[in-house]
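Novice: Under our numbering, residues 411 to 742 are what the sequence shown spells out, in order. Note that CB positions come from ideal geometry on N, CA and C, so glycine has one too. What you are looking at is a predicted structure, and each value in this text was computed from that prediction instead of being measured.
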Amino acid sequence: MSTLIGVLRKRFLAPSIASVGFAERGFPVTHTDATARLEAVPQAVVCGFEWAIEGASLWEIERRLALVEPEQRGFAYEGATMGYTILDVMPGGRRDRTRELLEGPGRPHIFLTYIGIGFAMARLPRPLWKNILPELTGEPYHPVMSWLAVDGYGFDRAYFDTEKWVGEQAEPVPYPWAGRPEYFPRAFDQGVGRALWFMHGGKPDAVAAAVGRFAEHRRADLWSGVGLASTFAGGADQRGLAQLRRASGEYYDQLALGVVFAVKGRTYAGHVPAHTHLAAGVLTDLSVQGLQAVSDRTEAAESDDNGPVPQYELWRERIRTEFRPEARRAAG
Numbered sequence: 411m412s413t414l415i416g417v418l419r420k421r422f423l424a425p426s427i428a429s430v431g432f433a434e435r436g437f438p439v440t441h442t443d444a445t446a447r448l449e450a451v452p453q454a455v456v457c458g459f460e461w462a463i464e465g466a467s468l469w470e471i472e473r474r475l476a477l478v479e480p481e482q483r484g485f486a487y488e489g490a491t492m493g494y495t496i497l498d499v500m501p502g503g504r505r506d507r508t509r510e511l512l513e514g515p516g517r518p519h520i521f522l523t524y525i526g527i528g529f530a531m532a533r534l535p536r537p538l539w540k541n542i543l544p545e546l547t548g549e550p551y552h553p554v555m556s557w558l559a560v561d562g563y564g565f566d567r568a569y570f571d572t573e574k575w576v577g578e579q580a581e582p583v584p585y586p587w588a589g590r591p592e593y594f595p596r597a598f599d600q601g602v603g604r605a606l607w608f609m610h611g612g613k614p615d616a617v618a619a620a621v622g623r624f625a626e627h628r629r630a631d632l633w634s635g636v637g638l639a640s641t642f643a644g645g646a647d648q649r650g651l652a653q654l655r656r657a658s659g660e661y662y663d664q665l666a667l668g669v670v671f672a673v674k675g676r677t678y679a680g681h682v683p684a685h686t687h688l689a690a691g692v693l694t695d696l697s698v699q700g701l702q703a704v705s706d707r708t709e710a711a712e713s714d715d716n717g718p719v720p721q722y723e724l725w726r727e728r729i730r731t732e733f734r735p736e737a738r739r740a741a742g
């Protein structure tokens, strides 16, 4: 149940539904049924954020989010995680809301709830980041996949401060996330790539051109973000997806990597929409089940988490290897 303080927090901290829309952001998107579905993603995030920032209990949050359609529910959990994360760092209150959410009803959406933490990072001073990631128990993807928080931070900055991060192609100051400051800009760019898909309404040629305007050393991670967004959120039909695959060119393995991670997130949450099945087939020639098998066998490979490369990136590299020309020739 909302309190007066909670209502005031929502009023001053929550963006309006209109403010996250494509027209309000000034994005070059023509309204269609497909782009309307894309636009519903940030709107679902706002709904989840509003409910959480009011201070609604976990019991109430869970029941409100259950009313969101399955395709968009994970995005609403992103927003709720963002709200709880901000509440957890405010003085004089609890510090365990985010942990309880992620260990409770948010567990199936763990990949997206990490992204919600990244959205909160975009609104909090860097000194507060050191305690922002809760320590989770019994979660097999923690903390390996917590790099998705940095991805979320990159998406937020590109979406809401577009001129700086996309127009000027600014690069973030490294931060020692998981003790790896050198990887921070790469995870950031993965989120920027996801944002480019939304900002151009899922138009393959426009997205590819936007990626191509970035420095060459950034394009690989941008393409992986495009692959993830196009598969998880949808927005393109069969013809458009085929165009996207061709446009990825030398970065096809990065695009396919994003597809695998999108399928992993959807299957882990227990709902795979039709557009994810379509993207899986067109972008990789594999079914959702086939991509699950890729994810499982590459995840299971042993590697040194204390080595120079984060476990997260090692998993990504094993997936990319599966989609390089030599691997595909061997399989075919």
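If I follow the unbroken alpha helix (DSSP H) through tyrosine 487, where does it start and stop?
Specialist: Where tyrosine 487 is concerned, the enclosing alpha helix (DSSP H) stretches over 480-499.
Novice: CA-CA distance, glutamate 549 and alanine 444?
Specialist: Rounded to the nearest angstrom, the two C-alpha atoms are 34 Å apart.
Novice: Tell me the residue span of the alpha helix (DSSP H) that contains tryptophan 461.
Specialist: Its alpha helix (DSSP H) spans residues 443-463.
Novice: When DSSP labels each residue in this structure, what does threonine 523 get in the three-state scheme?
Specialist: In this structure, threonine 523 counts as helix in the three-state DSSP scheme.
Novice: To the nearest angstrom, how far is it from the Cα of phenylalanine 496 to the Cα of leucine 475?
Specialist: Here the sequence assigns isoleucine to residue 496, which means phenylalanine is not the residue at that position. Spanning the two alpha carbons is a distance of roughly 19 Å.
Novice: Can you tell me which of Pro614, Trp607, Thr508, Leu558 puts its alpha carbon nearest to the alpha carbon of alanine 588?
Specialist: Considering only alpha carbons, the answer is Leu558.
Novice: Between the Cα of methionine 492 and those of Leu477, Ala454, Lys613, Ala450, spot the shortest distance and give me the residue it belongs to.
Specialist: Closest by alpha carbon: Ala454.
Novice: Label serine 426 either buried or exposed according to how many other C-beta atoms from any shown protein chain fall within 10 Å of its C-beta, with 16 as the threshold for buried.
Specialist: So serine 426 ends up on the exposed side.
Novice: Going by CA-CA distance only, name the one from Arg504, Pro553, Val576, Pro735 that's closest to glutamate 660.
Specialist: Nearest option by C-alpha distance: Pro735.
Novice: Report yes if the CB atom of leucine 693 is closer than 8 Å to the CB atom of glycine 611, and no otherwise.
Specialist: It is not a contact, given that the beta carbons lie outside the stated cut-off.
Novice: So phenylalanine 733 and alanine 666 are in contact, right, with Cβ under 8 Å, and what is the actual spacing, rounded?
Specialist: At roughly 4 Å, the Cβ-Cβ gap stays under 8 Å, so phenylalanine 733 and alanine 666 are in contact.
Novice: Which two residues bound the contiguous alpha helix (DSSP H) that contains proline 614?
Specialist: 614-622 is the extent of the alpha helix (DSSP H) around proline 614.
Novice: Under 8 Å, do valine 478 and valine 456 count as touching if we go by C-beta distance?
Specialist: Against a cut-off of 8 Å, the Cβ pair of valine 456 and valine 478 comes out as no contact.
Novice: Report the rounded CA-to-CA distance for phenylalanine 485 versus valine 451, giving the unit in angstroms.
Specialist: Cα-Cα distance, rounded: 6 Å.
Novice: Is aspartate 506 helix, strand or coil when you go by DSSP?
Specialist: Coil at aspartate 506, not helix or strand.
Novice: Is it buried or exposed, valine 393, if we count other Cβ atoms within 10 angstroms and call 16 or more buried?
Specialist: It is not possible to answer for residue 393, since the shown part of the chain is limited to 411 through 742.
Novice: Nearest by alpha-carbon distance to arginine 533: which of Gly514, Val499, Ala657, His441 is it?
Specialist: Looking at the Cα atoms, Val499 is the closest of the given residues.
Novice: So the alpha helix (DSSP H) glutamate 723 belongs to, where does it begin and stop?
Specialist: It spans 721-732 - the alpha helix (DSSP H) in which glutamate 723 sits, taken as one unbroken run.
Novice: Considering Cα atoms alone, identify which of Asp647, Pro718, Glu723, Gly528 is closest to valine 689.
Specialist: It should be noted that the sequence gives alanine, not valine, for residue 689. For alanine 689, the nearest C-alpha among the options comes from Asp647.
Novice: Of the choices Ser556, Thr708, Asp599, whose alpha-carbon is the least far from that of valine 670?
Specialist: Checking every option, the nearest Cα to that of valine 670 belongs to Thr708.
Novice: For tyrosine 487, tell me which candidate among Pro501, Glu510, Gly514, Leu522 has the shortest Cα-Cα distance.
Specialist: For tyrosine 487, the nearest C-alpha among the options comes from Leu522.
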